[in-house]
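So the protein sequences, as listed, match chains A and B. Heads up: the first sequence begins at 0 in numbering that gives the first Met the number 0, then just goes up one per residue. Heads up: the second sequence begins at 0 in numbering that gives the first Met the number 0, then just goes up one per residue. Glycine included, C-beta positions come from ideal geometry on N, C-alpha and C. Everything numeric in this text was worked out from a predicted model, so none of it was measured. This report refers to the structure that appears directly beneath it.
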Amino acid sequence: MSTATDTMNEQERRPPGIKLTEQQLRARRARSIAIALALGAFVLLIFVVTMVKLGSGALSGDDYMRPVQTTK
Amino acid sequence: MSITLARAEPSIAGVGDYIELMKPRVMSLVVFTALVGLMVAPGHVHPVIGFVALLCITVGAGAAGALNMWYDADIDARMARTAARPIPRGRITPGEAAGFGFTLAAFAVVTLGLLVNVLSAALLAFTIFFYVAVYTAWLKRVTPQNIVIGGAAGALPPMIGWAAATGALALEPVLLFLIIFVWTPPHFWALSLYRSDDYARAGIPMLPVVAGEHETRRQILFYTLVLAPLGVAPWLLGYTGPAYGAAALLLGGILIALALRVRKEREGHRASKQLFGFSILYLFLLFAMLLIDRMPGALFGSFA
Numbered sequence: 000m001s002t003a004t005d006t007m008n009e010q011e012r013r014p015p016g017i018k019l020t021e022q023q024l025r026a027r028r029a030r031s032i033a034i035a036l037a038l039g040a041f042v043l044l045i046f047v048v049t050m051v052k053l054g055s056g057a058l059s060g061d062d063y064m065r066p067v068q069t070t071k
Numbered sequence: 000m001s002i003t004l005a006r007a008e009p010s011i012a013g014v015g016d017y018i019e020l021m022k023p024r025v026m027s028l029v030v031f032t033a034l035v036g037l038m039v040a041p042g043h044v045h046p047v048i049g050f051v052a053l054l055c056i057t058v059g060a061g062a063a064g065a066l067n068m069w070y071d072a073d074i075d076a077r078m079a080r081t082a083a084r085p086i087p088r089g090r091i092t093p094g095e096a097a098g099f100g101f102t103l104a105a106f107a108v109v110t111l112g113l114l115v116n117v118l119s120a121a122l123l124a125f126t127i128f129f130y131v132a133v134y135t136a137w138l139k140r141v142t143p144q145n146i147v148i149g150g151a152a153g154a155l156p157p158m159i160g161w162a163a164a165t166g167a168l169a170l171e172p173v174l175l176f177l178i179i180f181v182w183t184p185p186h187f188w189a190l191s192l193y194r195s196d197d198y199a200r201a202g203i204p205m206l207p208v209v210a211g212e213h214e215t216r217r218q219i220l221f222y223t224l225v226l227a228p229l230g231v232a233p234w235l236l237g238y239t240g241p242a243y244g245a246a247a248l249l250l251g252g253i254l255i256a257l258a259l260r261v262r263k264e265r266e267g268h269r270a271s272k273q274l275f276g277f278s279i280l281y282l283f284l285l286f287a288m289l290l291i292d293r294m295p296g297a298l299f300g301s302f303a
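Pasting the structure below:
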């Protein structure tokens, strides 16, 4: 009897949670991978643009933030 | 007073659902017209900077699409054409779509502003605002002129591309804006002619629903007659060569002929469907010709 009561108490003490289905787990994993890839791509983009701007003389003030000189 | 809180179900949305939320087909036309604006602009743009500009415009367009689907979820569910979108289908909740859209919009605008220039970022922000707040949330549900005024949002990408390349604006990008702006009403009204039941069911005051088919066909012809000369204008004003002018004349002529058939059509919507299909080809070919016309001088410039 005491064992049954202990089990009930144990269940009550356990924090409420959501058990994900297989489909929900798969979808969450796919979304996580996509976010990680997007974040990685963004970091790479910032790195490449930084290199381009430095390479084009950003340190001397001639960067691509300024309008391009028109050739027409 | 007791409040019952609904427990949120864990999402089953996949990556494909989020891509669908960004309206990839609309995005492709936006990217293409922005690319043309970027390429025909004078001066040189570093390929990486040009790529960043196009990426930001693409993401910004996707954000606007997601926010449109978030706000329009109720009417999307009532229309056959849009009932299978991720929110009405229950794949993505409206809150998730809103969060996705606002996050992407902020990222696109801030990145464009920091990495390219402030003018193009301001134009992108205005485009997203105009599409979501002015067209989607306001005009779409209240006036048959929704598509006329709202068309400005879809017409801005070439100006953003130009601004990204030069940091300024000129008459040429305004002309590109006008071409898409005037192209939008006949394009969408041709579609709405054979989808008017759908729009009526959803309570959207599209022109065929409010003013009838006869008036819609008349207005389609009117806008097409304005569009065809506008399409030729870049050549007439000396911005392009004769090859573009010839193509614009030919394409404009076909468009007018189709609009005349729509005007005369009494039964069925064969001519409307043809006009809708050709209008996409018209815009694509016109902008492709602009690109080809400028190719020797418009290739992404030196790496200097």
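Does DSSP classify residue i as helix, strand or coil?
i	result
B/Q144	coil
B/S10	coil
B/N67	helix
B/P41	coil
A/K18	coil
B/T183	helix
A/K52	helix
B/M0	Confidence is the limiting factor: at B/M0 the pLDDT is only 41, short of 50, which leaves the residue's position unreliable and the question unanswerable from this model.
B/L168	coil
B/I279	helix
B/A287	helix
B/K311	This structure gives no information on residue 311 of chain B, because the portion of chain B shown stretches from 0 to 303.
B/T57	helix
B/M294	helix
B/G150	helix
B/T32	helix
B/P85	coil
B/Y238	coil
B/P204	coil
B/G267	coil
B/R80	coil
Following a CB-centred definition, is residue i positioned closer than 7 Å to any heavy atom of the ligand FAD?
i	result
A/R25	The ligand FAD is not part of this structure, which contains no ligands at all.
Quick check on the DSSP output: the alpha helix (DSSP H) that includes residue i runs from which residue to which?
i	result
B/Y198	S195 to A201
B/A158	First, the residue type needs correcting, since residue 158 of chain B is Met and not Ala in the sequence shown. Run containing B/M158: P156 to T165, per the alpha helix (DSSP H) assignment.
B/P228	G211 to L235
B/I255	P241 to K263
B/A72	A72 to R77
Classify residue i as buried or exposed, calling it buried when 16 or more other Cβ atoms lie within 10 Å of its own Cβ.
i	result
B/L111	buried
B/R293	buried
B/R80	exposed
B/V108	buried
B/D71	buried
B/P27	A small fix is needed here, since residue 27 of chain B is Ser in this sequence, not Pro. So B/S27 counts as exposed.
A/M50	exposed
B/G59	buried
B/T102	exposed
B/L229	buried
B/G202	exposed
B/T32	buried
A/F41	exposed
A/T20	exposed
Extract the residue ranges of the beta strand (DSSP E) inside the segment 88–140 of chain B, only unbroken runs of 3 or more that lie entirely within it.
none
Under 8 Å, CB to CB, which of the residues in the segment 9–27 of chain B have a partner in chain A?
P9, S10, I11, A12, G13, V14 and Y17
What residues in the segment 41–64 of chain B bring their beta carbon closer than 8 Å to a beta carbon of chain A?
P41, G42, H43, V44, H45, V47, I48, V51 and L54
In the segment 18–36 of chain A, which residues sit with their C-beta less than 7 Å from some C-beta in chain C, listed in chain order?
Of the protein chains in the structure, A and B, none is chain C.
Contact set between the segment 42–53 of chain A and chain B, restricted to residues whose Cβ is under 7 Å from the partner
L44, V47, V48 and V51
For the segment 112–143 of chain B, enumerate the residues whose C-beta is nearer than 9 Å to any C-beta of chain A, in chain order.
L113, L114, V115, N116, V117 and L118
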